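Everything below concerns the one structure shown next.
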Amino acid sequence: MSWWADDDEDDDDDFDESSIRVRPNPKGNRPRTKTRPEHKDAVAGRIMTVDRGRFSVLIDQDTPEEREITASRARELGRTAIVTGDWVDLVGDTSGDEGTLSRVVRVHERSTLLRRSADDSDAVERVIVANADQMLIVVAAANPEPRARLIDRYLVAAFDAGITPILCITKTDLADPAPLLSEFDALDLRVVTLSQNDVPVEELTDLLVGHTTVTVGHSGVGKSTLVNVLVPSAERATGVVNTVTGRGRHTSSSTICLRLRAADGRTGWIIDTPGVRSFGLGHVDPANILKSFAATARVPEGEPPGGIPLTEAHDWEIIDRVEAGELGESGKARIESLRKLIEHTA
Ligand SMILES: Nc1nc2c(ncn2[C@@H]2O[C@H](COP(=O)(O)OP(=O)(O)OP(=O)(O)O)[C@@H](O)[C@H]2O)c(=O)[nH]1
Ligand SMILES: [Mg+2]
Numbered sequence: 001m002s003w004w005a006d007d008d009e010d011d012d013d014d015f016d017e018s019s020i021r022v023r024p025n026p027k028g029n030r031p032r033t034k035t036r037p038e039h040k041d042a043v044a045g046r047i048m049t050v051d052r053g054r055f056s057v058l059i060d061q062d063t064p065e066e067r068e069i070t071a072s073r074a075r076e077l078g079r080t081a082i083v084t085g086d087w088v089d090l091v092g093d094t095s096g097d098e099g100t101l102s103r104v105v106r107v108h109e110r111s112t113l114l115r116r117s118a119d120d121s122d123a124v125e126r127v128i129v130a131n132a133d134q135m136l137i138v139v140a141a142a143n144p145e146p147r148a149r150l151i152d153r154y155l156v157a158a159f160d161a162g163i164t165p166i167l168c169i170t171k172t173d174l175a176d177p178a179p180l181l182s183e184f185d186a187l188d189l190r191v192v193t194l195s196q197n198d199v200p201v202e203e204l205t206d207l208l209v210g211h212t213t214v215t216v217g218h219s220g221v222g223k224s225t226l227v228n229v230l231v232p233s234a235e236r237a238t239g240v241v242n243t244v245t246g247r248g249r250h251t252s253s254s255t256i257c258l259r260l261r262a263a264d265g266r267t268g269w270i271i272d273t274p275g276v277r278s279f280g281l282g283h284v285d286p287a288n289i290l291k292s293f294a295a296t297a298r299v300p301e302g303e304p305p306g307g308i309p310l311t312e313a314h315d316w317e318i319i320d321r322v323e324a325g326e327l328g329e330s331g332k333a334r335i336e337s338l339r340k341l342i343e344h345t346a
C-alpha cells in the first residue's frame, strides 16, 4: 500500500469498495434513504470530513439547530466506507455538545462516487468523495507544469463517475494558458482561469452554488488557495470549517467539505482534497467513458454524418468519427489519449 503513503488521509477508511458498484447518476438529486426498521429515531447528516475514524457530520442543515457533531462508526457497519460528502444516519448523542460522540449507523445510497486506484492495472480502489456532482480539475498554467494527459485522466474519472468536469487553470500570472486550453478545443468544457491577483470569485461562485464540487489536482496547483478565497474567513470562523480546524488540522492534509455562500444567499459545497501523486484508473468502466466524451464534445455545425449525433453513435463509431476529424485536431488527440487510458485499465 505504499502508493498512497504520501497522502495524509484518514487511515481507518481505506476500504476496498470494489464489491460495491455504483451506477453513475449525474442527474441524481439528494440520495434516497434506505428505509430499514432499525434505528427509527436516527437523524440524517452529511459527512464534512473524516479524521482517524472520527467523522464530523453536519446535521439539521439550514435550520436554526444546524450543528456539526462528532461521530464514530457503528460496529454493525463493518468495513463499509464512509467518506466526505456521504449522507448518513446517526444515533446516540447528536447534541453536538463538547465531548459527545454519536454513531453512524447507515450510509445513504450515493448519487456519485469518485474513486481512484493505485495504478491503471489495479482494480483495488480508494474512495475519495461521495455525492459530488461537479469536479473542478485544478491545473496550474505553470509551476507545476501542466500536462494535457493528466487532465484526460481526471476527465476519465469524472466521466466514469457521472460527474460534470470543469477545468480551472490557476497561475496564469506565470504563463499563458492558451496553448494548454487549445488542446481541449474539441470539448465543450467549462473553463475558468485565474491568477494570483485576479480570482473571478463571482463567476466561480455562480458555477458552484447549488452543487457539490470536488477539487482535484496535483499538489501545489492552488486548490486550497482557491478554496480559501471562495469561502471567506468569516464563514470559516462561524461555520463548518471552524469546528474542523479547531482540531488543529491543516486543510490540505484531508478531504474537507466547505460551504460557500453567494452574495444573494445561495449556497454550494466545495470539497478540498489533498493533492495525490497517483490517480489510477484501474477501476473505471470503459463503457461510461466514450458516451460521456461524446456528450461533452463541442458539436460542429451542420448535419452529423449519417444524420446521427455523436451522442447517439456506438462506441466504435464515436472513435471512428473523431479519428476521422469530426472534432478537429484536438478531438483526434483527445480520443487517442482517452483510448490509451481506457485500454490500460484493468
Ligand atoms: N503565482 C501564483 N501562485 C499561486 C496561485 N494560486 C496558488 N498559488 C500558490 O501556489 C502554492 C500552492 O498552493 P496550494 O493552495 O497550497 O496548493 P494545493 O493545490 O492546495 O496543494 P496540496 O494541498 O498540496 O494539494 C501556494 O504558494 C500558493 O500561494 C496563482 O494563481 N498564482
Ligand atoms: Mg491544498
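So in UniProt numbering, spot 89 of the sequence shown is number 89, and the numbers just go up one at a time. We put the beta carbon where it would ideally sit given N, CA and C, even for glycine. As the structure is a prediction and not an experimental result, all values here were calculated from the model.
(1) Relative to the C-alpha of Gly92, which residue among Ile151, His39, Ile342 and Val276 is closest?
(2) If I measure Cβ to Cβ from Phe46 and keep anything under 6 Å in the same chain, skipping five residues before and after, which residues do I get?
(3) Would you tell me roughly how many angstroms separate the C-alpha atoms of Val124 and Ser117, rounded to the nearest one?
(4) Restricting to runs no shorter than 3 residues, where is the beta strand (DSSP E) found entirely within the region 60-108?
(5) What do you reckon, is the C-beta of Asp173 under 7 Å from a heavy atom of ligand 1?
(6) For a test of the three-state rule: what should DSSP assign to Val299, helix, strand or coil?
(7) Kindly indicate which three-state DSSP category Ser252 falls into: helix, strand or coil?
(8) Taking DSSP as the reference, what is the three-state secondary structure of Pro179?
(9) Using beta-carbon positions only, say whether Leu341 and Leu290 come within less than 8 Å of one another.
(10) Look up Thr49 in the DSSP assignment and say whether it is helix, strand or coil.
(11) If you draw a straight line from the C-alpha of Ser330 to the C-alpha of Arg298, how long is it?
(12) Quick check: what's the CA-CA separation for Asp122 versus Pro64?
(13) So does the region 173-182 actually touch the region 136-152, counting three or more Cβ pairs closer than 8 Å?
(14) Roughly how many angstroms lie between the CA atoms of Asn228 and Ile271, to the nearest whole one?
(15) Report back the beta-carbon spacing between Asp133 and His218 to the nearest angstrom; my notes put them in contact at under 8 Å.
(16) Using only the heavy atoms of ligand 1, determine whether one of them is closer than 7 Å to the beta carbon of Val214.
(17) For Pro165, which of helix, strand or coil comes out of DSSP?
(18) Give me whichever residues DSSP pairs with Phe293 in a beta bridge.
(19) What's the C-alpha gap between Thr205 and Ser195?
(20) Where does the unbroken alpha helix (DSSP H) through Val129 begin, and where does it stop?
(21) Taking 7 Å as the cut-off, is the CB of Ser254 close to at least one heavy atom of ligand 2?
(22) Please name the residue, chosen from Glu317, Lys332 and Pro286, that lies closest to Glu343 on a Cα-to-Cα basis.
(23) Classify Arg116 as helix, strand or coil using the three-state DSSP reduction.
(24) When you compare only the Cα positions, how much space is there between Ile151 and Arg52?
(25) Cβ-heavy atom distance between Ala340 and ligand 2 below 7 Å?
(26) Quick check: the Cα distance between Arg339 and Arg115, rounded to an integer number of angstroms?
(27) In terms of DSSP beta bridges, what is Ser111 paired with?
(28) Would you give the residue range spanned by the alpha helix (DSSP H) that Leu226 belongs to?
(29) Looking at Thr49: is its Cβ nearer than 8 Å to the Cβ of Ser337?
(30) Beta-carbon separation of Lys130 and Gly85 under 8 Å?
(31) Considering only the alpha carbon of each residue, which of Gly96, Val221, Arg79 and Asp188 lies closest to Ile137?
(32) If you reduce the DSSP assignment to three classes, tell me which class Val43 lands in.
(33) Are the Cβ atoms of Ala313 and Arg321 separated by less than 8 Å?
The answer reads as follows:
(1) His39
(2) Checking the sequence, you will find Arg at residue 46 rather than Phe. So the qualifying residues of the chain are Leu58 and Trp87.
(3) 6 Å
(4) 67-73, 87-92 and 102-107
(5) yes
(6) coil
(7) Bear in mind that the predicted position of Ser252 carries a pLDDT of just 44, short of 50, making it unreliable; the figure below should be weighed with that in mind. Here Ser252 sits in helix by DSSP.
(8) helix
(9) no
(10) strand
(11) 11 Å
(12) The alpha-carbon of Asp122 is positioned some 46 Å away from that of Pro64.
(13) yes
(14) 11 Å
(15) So it is not a contact: roughly 23 Å between Cβ atoms.
(16) no
(17) strand
(18) Paired residues: none, contrary to the question.
(19) 16 Å
(20) Counting along the chain, Val129 falls outside any alpha helix (DSSP H), though it belongs to the beta strand (DSSP E) covering Glu125 to Ala130.
(21) no
(22) When Glu317, Lys332 and Pro286 are compared, the shortest CA-CA separation from Glu343 is found for Pro286.
(23) strand
(24) One C-alpha to the other measures close to 31 Å.
(25) A quick correction: the sequence has Lys, not Ala, at residue 340. No, ligand 2 has no heavy atom inside 7 Å of this Cβ.
(26) 19 Å
(27) In DSSP, Ser111 forms no bridge with anything.
(28) Lys223 to Leu230
(29) No; because the gap between Cβ atoms is not below 8 Å, this pair is not in contact.
(30) The question names Lys, but residue 130 is Ala in the sequence shown. Yes, they are a contact pair.
(31) Of the candidates Gly96, Val221, Arg79 and Asp188, the residue whose Cα lies closest to the Cα of Ile137 is Val221.
(32) strand
(33) yes
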